[in-house]
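All the letters of the sequence shown, read from the start, carry residue numbers 6 to 314 under our numbering.
Even for Gly, the Cβ is constructed at its ideal location relative to N, Cα and C.
Okay, structure first, notes after.
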Amino acid sequence: MELPKPIYNLSDSEIERKRMIGSMGTFLLKFLTDEFIKNGYQWIMPVIFSKSTDPLWPDPGASIEKRLEAEIYGSNVKVTQSMIVHKIVACSLLYEKLFTYSPNVRIEKRERAFTGIHAYEFTQLDFEIRDAESADVIKFVESIFYKLKKVFAENYDHLPSNLENLINPPWKIFDSEKLREEFGQDWEKNVLDLNEPVWVVNIPREFYDYQDFNTGKWDNYDLYLPALGEVLSGAKREFKYSKMLEKISRDGLKEENFKVILNLAKSGKIKKCAGAGIGIERLLKWVTNVDHIGNVQIFPRIPGHVYDL
Ligand code: ASN
6 MELPKPIYNL SDSEIERKRM IGSMGTFLLK FLTDEFIKNG YQWIMPVIFS
56 KSTDPLWPDP GASIEKRLEA EIYGSNVKVT QSMIVHKIVA CSLLYEKLFT
106 YSPNVRIEKR ERAFTGIHAY EFTQLDFEIR DAESADVIKF VESIFYKLKK
156 VFAENYDHLP SNLENLINPP WKIFDSEKLR EEFGQDWEKN VLDLNEPVWV
206 VNIPREFYDY QDFNTGKWDN YDLYLPALGE VLSGAKREFK YSKMLEKISR
256 DGLKEENFKV ILNLAKSGKI KKCAGAGIGI ERLLKWVTNV DHIGNVQIFP
306 RIPGHVYDL
């Protein structure tokens, strides 16, 4: 696999290819935006700097080399790693259903340069639904992805080959604990070999995902696409103050970084909700079948490789 080139170094034919990928991206974004709006979601704008962001810890898939902070107006702020805290707060206080296209900055370890699916800046279509259960989110996502196949078939001469794998839902669901027992650390390979979309549930990770303290099980889910890997990650959310606090301390995180969500939870204002985030560039990479995620970015953001633009 070659490193993706920035647009100012592309040949004429490569520019042409980039244009085609870009127009498929426009089609994809329009489709997704229309679906969310049609389904009653409010569209909120993203934030970049905040006192609270996703800790991305603990997470079995995390590989963050450095977390970025800045000083503005005398306050220390973090650069958004995901808008999870903001969307849970906005969903609890403001909108029953919301979505955003949120720039996420994750300084991934440089050895991830050639995984083909990691970028140090990407866009998440992050959404949240009040009073929803995991099954509601799973059903909604399956219906959207299945429809995606239909609209591409209707609007393009040839259905992009990867989309053929979007079989009729419901899709298979595997428990991450069982996958680990059966296949060990390398379980992802076995899931991807199935050549169909697959849900993986019960993944031990960040405090904001719901965990049943009696059974230890997590009520969360990731969606894996064949020949890609994880394209979506989400959960039913933790809303109880005491559990949030216990998990934050268990994870070695600083309480002060989550002051607002903790205070709201303490006064019972964090509502039961569930949601997820779709990696837009990953999804476009999959639809267009390019080898590296940087090839769907106009300005590639590849771990360990900082270009002039
Ligand atoms: N967007 C994810 C979620 O909804 C969180 C993340 O990006 N880490 O759970």
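Remark: C-beta atoms of G273 and S139 do not approach each other more closely than 9 Å.
In the structure shown, the three-state DSSP call for Y13 is helix.
By the Cβ neighbour-count rule, A75 is exposed, with fewer than 16 other Cβ atoms within 10 Å of its own. For the region 117-177, the full-length alpha helix (DSSP H) segments reaching 4 residues or more read 139-160 along the chain. DSSP, read as helix, strand or coil, puts I69 in strand.
For Y100, the CB stays at least 8 Å from every heavy atom of ligand 1. When L61, Y78, T31 and S80 are compared, the shortest CA-CA separation from R72 is found for L61. Separation of N167 and D227 (C-alpha to C-alpha, rounded to the nearest whole angstrom) is 19 Å.
The three-state secondary structure of T85, taken from DSSP, is coil. The three-state secondary structure of F212, taken from DSSP, is coil. Closer than 8 Å to some heavy atom of ligand 1: that does not describe the Cβ of E286.
In the three-state DSSP reduction, F179 falls in the strand class (E or B).
Here DSSP, grouped into helix, strand and coil, assigns A232 to coil.
Excluding its 5 nearest sequence neighbours in each direction, N225 has C-beta neighbours in its own chain below 6 Å: I208, D214 and A240, listed in chain order.
Nearest to A232 by C-alpha distance, out of N170, E260, W223 and K276, is N170.
The Cβ-Cβ distance between Y106 and T128 falls below 9 Å.
In this chain, the beta strand (DSSP E) harbouring K102 covers K102 to V110. DSSP places D227 within a strand segment (E or B) once states are collapsed to three. Here L258 has P60, W62 and F212 as same chain residues with Cβ atoms under 8 Å from its own Cβ, once five neighbours each way along the sequence are excluded. In this structure, the C-beta of S247 stays at least 8 Å away from each heavy atom of ligand 1. Put simply, the region 35-53 touches the region 80-95. At least three CB pairs are less than 8 Å apart. For the pair E19 and V236, the Cα-to-Cα distance works out to about 26 Å. Using a Cβ distance threshold of 9 Å, K177 and V156 do not count as a contacting pair. Membership of W192 in the alpha helix (DSSP H) is indicated by the continuous run W192 to L197. Contact fails between the region 287-294 and the region 108-116, because fewer than three Cβ pairs, one in each stretch, are under 8 Å apart. With a cut-off of 8 Å on Cβ pairs, the region 186-196 is not in contact with the region 148-163, counting fewer than three such pairs. The DSSP-derived three-state label of V52 is coil. Taking the Cβ of Q216 as the reference point, every heavy atom of ligand 1 lies at 8 Å or farther away. When the beta-carbon positions are compared, S97 and I275 come within less than 9 Å of each other.
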